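Peer 1: Handing you this structure, nothing more for now.
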Amino acid sequence: MTDHAQYAPGPAGGAQVRKDGEKWTLILVRELRHSPEKVWQALTDPAHLREWAPFEVDGNLGTVGTTAKLTAVGAPTPQVTKTTVTRADAPKLLEYNWGAQDIRWQLEAYGGGTRLTLWHNIDRRFISMGAAGWHICFDVLDGVLSGTPIGRIVGREAMKFGWRRLNSEYAKQFGIETPNRPSQAAQES
Amino acid sequence: MKIKLTSVYVDDQDKALRFYTEVLGFAKKADFSQGPFRWLTVASPEEPSGTELQLALNNNPAAKAYQQAIFQQSQPATMFYTDDVKGDYERITARGAVFTMPPTDVTGSTIAMLNDTCGNLIQLTQLARYSR
Numbered sequence: 001m002t003d004h005a006q007y008a009p010g011p012a013g014g015a016q017v018r019k020d021g022e023k024w025t026l027i028l029v030r031e032l033r034h035s036p037e038k039v040w041q042a043l044t045d046p047a048h049l050r051e052w053a054p055f056e057v058d059g060n061l062g063t064v065g066t067t068a069k070l071t072a073v074g075a076p077t078p079q080v081t082k083t084t085v086t087r088a089d090a091p092k093l094l095e096y097n098w099g100a101q102d103i104r105w106q107l108e109a110y111g112g113g114t115r116l117t118l119w120h121n122i123d124r125r126f127i128s129m130g131a132a133g134w135h136i137c138f139d140v141l142d143g144v145l146s147g148t149p150i151g152r153i154v155g156r157e158a159m160k161f162g163w164r165r166l167n168s169e170y171a172k173q174f175g176i177e178t179p180n181r182p183s184q185a186a187q188e189s
Numbered sequence: 001m002k003i004k005l006t007s008v009y010v011d012d013q014d015k016a017l018r019f020y021t022e023v024l025g026f027a028k029k030a031d032f033s034q035g036p037f038r039w040l041t042v043a044s045p046e047e048p049s050g051t052e053l054q055l056a057l058n059n060n061p062a063a064k065a066y067q068q069a070i071f072q073q074s075q076p077a078t079m080f081y082t083d084d085v086k087g088d089y090e091r092i093t094a095r096g097a098v099f100t101m102p103p104t105d106v107t108g109s110t111i112a113m114l115n116d117t118c119g120n121l122i123q124l125t126q127l128a129r130y131s132r
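Which chain is which? The protein sequence lines are A and B, in order.
Residues in the first sequence are numbered from 1 upward in steps of one, following this note's numbering.
Residues in the second sequence are numbered from 1 upward in steps of one, following this note's numbering.
So, in structure tokens, the structure goes:
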């Protein structure tokens, strides 16, 4: 069992970027030792999302057509948007929006567990930040599903847990520079 | 308690960053994002650790209505202090910005007003110095 304070993410991996002109999509794959049904619940149930996701919702995301208030957690100012679930084929495919961005989850049964794939169209300048954030969230999700929760790590909190290293590693993997890292920006000034 | 940050709403953060750095001459300070939200601030190169100005995306209907109303009333969204308002006027005009009020003497100060192209009027203020 990993303690919250002792948690450290592993090296960057399992991510790729699909570049469609200026429109980039982050694709993250994570293999989990839990059934698609169990993972589906963690992706749709507000109480489960609250344990690991970078946002909270006030409604279950498991039904197509559902609209819910989606609140980013740990953002520097309160950031609330409305989300609409556009696809919900339990326990296989889930799509909804986060502001102007689209989130798509695919769950595939795989070796007794689930291969989870996330598509998230993040602006290319911030795509390595998104990969680093989701990497940590997936580690926390894995702990929740395994019954050994390490506690949600999002927003500024992630800075204490290797987020900067992951951001640099993913940026390198994606072939982009990270001129926008807050630490660098602060040093430049 | 300290005042370390103030905000202006902008209709486009990329356009705003260009205007506030390339035209006005501020420097980018912080730029990071979480999901669709982008935290973007600039600071004065004269005071790099001074008050930051957040360039906040205005996607809030209530804030848009307020922003448009005060713009139409010629009210500035925020105000910057300078020691040389006429010099700034020349410099910023040369970079293509439009002033809605050239440097004008008023009680206790000289002020000018410019359009930031992102939905706001910005006032520049130079306080008058009185010799004894």
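For glycine and all other residues, C-beta sits at the position ideal for the given N, C-alpha and C.
If you're wondering where the values come from, they're calculated on a predicted model, not measured in any experiment.
Curious, which full-length alpha helix (DSSP H) runs of at least 4 residues does the region 29-75 of chain A contain?
Peer 2: Listed in chain order, the complete alpha helix (DSSP H) runs (minimum 4 residues) inside the region 29-75 of chain A are 36-44, 46-49.
Peer 1: My guess is that A/H4 and A/G151 are in contact by the Cβ rule of under 8 Å, so how many angstroms apart are they, rounded?
Peer 2: Locating residue 4 of chain A in the first sequence gives position 4, counting from the first residue. Locating residue 151 of chain A in the first sequence gives position 151, counting from the first residue. That pair is a contact at about 4 Å.
Peer 1: Rounded to whole angstroms, what is the Cα-Cα separation between A/N97 and B/K86?
Peer 2: Along the first sequence, read from residue 1 onward, the residue named residue 97 of chain A stands at position 97. Along the second sequence, read from residue 1 onward, the residue named residue 86 of chain B stands at position 86. Each residue's alpha carbon lies about 48 Å from the other.
Peer 1: Taking B/D83 as part of the beta strand (DSSP E), name the residues at either end of that continuous run.
Peer 2: By 1-based counting over the second sequence, the position of residue 83 of chain B is 83. Careful: B/D83 lies outside any beta strand (DSSP E) and carries neither H nor E.
Peer 1: What in chain C is Cβ-close to B/S33, meaning under 9 Å?
Peer 2: As a matter of chain content, chain C is missing from the structure shown, whose protein chains are A and B.
Peer 1: Can the beta-carbon of A/E51 be found closer than 9 Å to that of A/L70?
Peer 2: What you label residue 51 of chain A is simply residue 51 of the first sequence in a count that begins at 1. What you label residue 70 of chain A is simply residue 70 of the first sequence in a count that begins at 1. No; because the gap between Cβ atoms is not below 9 Å, this pair is not in contact.
Peer 1: Report buried or exposed for A/Y170, applying the criterion of at least 16 other Cβ atoms within 10 angstroms of its Cβ.
Peer 2: Counting from one through the first sequence, the residue named residue 170 of chain A turns up at place 170. So A/Y170 ends up on the buried side.
Peer 1: Among residues of its own chain, excluding the 5 on either side of A/A158, which ones have a beta-carbon nearer than 7 Å to its beta-carbon?
Peer 2: Locating residue 158 of chain A in the first sequence gives position 158, where the first residue counts as 1. G133, I136.
Peer 1: Since A/H120 and A/L61 should fall inside the 8 Å C-beta cutoff, what is the C-beta to C-beta distance between them, to a whole number of angstroms?
Peer 2: In the first sequence, the residue the question calls residue 120 of chain A occupies position 120. In the first sequence, the residue the question calls residue 61 of chain A occupies position 61. With 8 Å as the limit, A/H120 and A/L61 do not qualify as a contact, their Cβ atoms being about 15 Å apart.
Peer 1: On the premise that A/T67 lies in contact with A/T83, defined as a C-beta separation below 8 Å, what is that separation, rounded to the nearest angstrom?
Peer 2: By 1-based counting over the first sequence, the position of residue 83 of chain A is 83. By 1-based counting over the first sequence, the position of residue 67 of chain A is 67. With 8 Å as the limit, A/T83 and A/T67 qualify as a contact, their Cβ atoms being about 7 Å apart.
Peer 1: With a threshold of 9 Å between beta carbons, is A/P46 in contact with chain B?
Peer 2: Locating residue 46 of chain A in the first sequence gives position 46, counting from the first residue. Cβ-Cβ to chain B under 9 Å: no for A/P46.
Peer 1: Taking a Cβ distance cut-off of 7 Å, strictly less, list which residues of the region 55-72 of chain B are near chain A, in chain order.
Peer 2: none
Peer 1: Report the neighbours of B/F37 on chain A: residues whose CB is nearer than 8 Å to its CB, in chain order.
Peer 2: Stepping through the second sequence from its first residue, residue 37 of chain B is reached at position 37. Per Cβ cutoff of 8 Å: A72, A75, Q79, G99.
Peer 1: According to DSSP, simplified to helix, strand and coil, what is A/A12?
Peer 2: Looking up residue 12 of chain A in the first sequence gives position 12. Coil.
Peer 1: Between A/F55 and chain B, is any beta-carbon pair separated by less than 9 Å?
Peer 2: Locating residue 55 of chain A in the first sequence gives position 55, where the first residue counts as 1. By this cut-off, A/F55 is an interface position.
Peer 1: Please report the distance separating the alpha-carbon of A/A12 from that of B/Q73.
Peer 2: As a working note, residue 12 of chain A is residue 12 in the first sequence. As a working note, residue 73 of chain B is residue 73 in the second sequence. Rounded to the nearest angstrom, the two C-alpha atoms are 52 Å apart.
Peer 1: With 9 Å as the threshold, decide whether the Cβ of A/G155 is near any Cβ in chain B.
Peer 2: By one-based count along the first sequence, residue 155 of chain A stands at place 155. Chain B, which has a Cβ nearer than 9 Å to the Cβ of A/G155, makes this yes.
Peer 1: So which of B/V23, B/R95, B/A69, B/G35 has the shortest CA-CA distance to A/A100?
Peer 2: Along the first sequence, one-based indexing puts residue 100 of chain A at 100. Closest option to A/A100, judged by alpha-carbon separation, among B/V23, B/R95, B/A69, B/G35: B/G35.
Peer 1: Can you find a C-beta in chain B that's less than 9 Å from the C-beta of A/G162?
Peer 2: Your numbering for residue 162 of chain A matches position 162 in the first sequence. Closer than 9 Å to the CB of A/G162 there is not a single CB belonging to chain B.
Peer 1: Starting from the beta carbon of A/G133, find every residue of chain B whose beta carbon is closer than 8 Å, and list them in chain order.
Peer 2: Reading the first sequence from its first residue, position 133 is the one you call residue 133 of chain A. Those within 8 Å of A/G133 in chain B are Q34.
Peer 1: Around the C-beta of A/Q16, are 16 or more other C-beta atoms found within 10 angstroms, so that it is buried, or is it exposed?
Peer 2: Stepping through the first sequence from its first residue, residue 16 of chain A is reached at position 16. That one is exposed.
Peer 1: My parser needs the alpha helix (DSSP H) runs of 4 or more residues fully inside the region 29-98 of chain B; what are they?
Peer 2: 61-72, 85-94
Peer 1: With a 10 Å radius around its C-beta and 16 neighbouring C-beta atoms as the bar for buried, classify B/A128 as buried or exposed.
Peer 2: In the second sequence, residue 128 of chain B corresponds to position 128, counting from 1. Exposed.
Peer 1: Specify the secondary structure class of B/Y20 as computed by DSSP and reduced to three states.
Peer 2: Within the second sequence, the letter at position 20 stands for residue 20 of chain B. Three-state DSSP puts B/Y20 in a helix.
Peer 1: Check for me: the beta strand (DSSP E) holding A/D89 runs from which residue to which?
Peer 2: To locate residue 89 of chain A, count along the first sequence from 1; it is residue 89. Taken as a continuous stretch (DSSP letters only), the beta strand (DSSP E) holding A/D89 covers 80-89.
Peer 1: Does the separation of the CB atoms of B/V23 and B/Q54 fall below 9 Å?
Peer 2: Residue numbering aside, residue 23 of chain B sits at position 23 when the second sequence is read from its first letter. Residue numbering aside, residue 54 of chain B sits at position 54 when the second sequence is read from its first letter. Not closer than 9 Å, so no.
Peer 1: Leaving out five residues before and five after B/K93 in sequence, what residues of the same chain have Cβ atoms less than 7 Å from its Cβ?
Peer 2: Working through the second sequence from its first residue, we reach residue 93 of chain B at position 93. Checking the displayed sequence, the identity of residue 93 of chain B turns out to be Thr instead of Lys. Cβ neighbours of B/T93 beyond the five flanking positions: F99.
Peer 1: Are the beta-carbon atoms belonging to B/T78 and B/I111 less than 9 Å from one another?
Peer 2: In the second sequence, the residue the question calls residue 78 of chain B occupies position 78. In the second sequence, the residue the question calls residue 111 of chain B occupies position 111. Their beta carbons are not under 9 Å apart, which means B/T78 does not touch B/I111 by this criterion.
Peer 1: Pick helix, strand or coil for A/G111, following the three-state DSSP scheme.
Peer 2: Here residue 111 of chain A refers to the residue found at position 111 when the first sequence is read from its first residue. Here A/G111 sits in coil by DSSP.
Peer 1: Measure the alpha-carbon distance for A/W40 versus A/L93 and round it to whole angstroms.
Peer 2: The count along the first sequence starts at 1 and reaches residue 40 of chain A at position 40. The count along the first sequence starts at 1 and reaches residue 93 of chain A at position 93. Cα-Cα distance, rounded: 9 Å.
Peer 1: Spatial neighbours of A/M129 within its chain, please: C-beta separation below 6 Å, excluding the five flanking residues on both sides.
Peer 2: Here residue 129 of chain A corresponds to residue number 129 of the first sequence, with the count starting at 1. Result list for A/M129: N167, in chain order.
Peer 1: Would you report the Cα separation of B/Y66 and A/Y110, rounded to the nearest angstrom?
Peer 2: Position 66 of the second sequence, counting from 1, holds the residue named residue 66 of chain B. Position 110 of the first sequence, counting from 1, holds the residue named residue 110 of chain A. Distance between the alpha carbons of B/Y66 and A/Y110 is about 53 Å.
Peer 1: Taking 9 Å as the threshold (C-beta atoms), are B/A30 and B/W39 in contact?
Peer 2: Within the second sequence, numbered from 1, the residue matching residue 39 of chain B stands at position 39. Within the second sequence, numbered from 1, the residue matching residue 30 of chain B stands at position 30. Yes, they are a contact pair.
Peer 1: Report the rounded CA-to-CA distance for B/C118 versus A/Q173, giving the unit in angstroms.
Peer 2: Numbered from 1 along the second sequence, position 118 holds the residue referred to as residue 118 of chain B. Numbered from 1 along the first sequence, position 173 holds the residue referred to as residue 173 of chain A. Spanning the two alpha carbons is a distance of roughly 35 Å.
Peer 1: Helix, strand or coil for A/N121, going by three-state DSSP, please let me know.
Peer 2: For the purposes of this step, residue 121 of chain A is taken as residue 121 along the first sequence, with counting starting at 1. Three-state DSSP puts A/N121 in coil, outside helix and strand.
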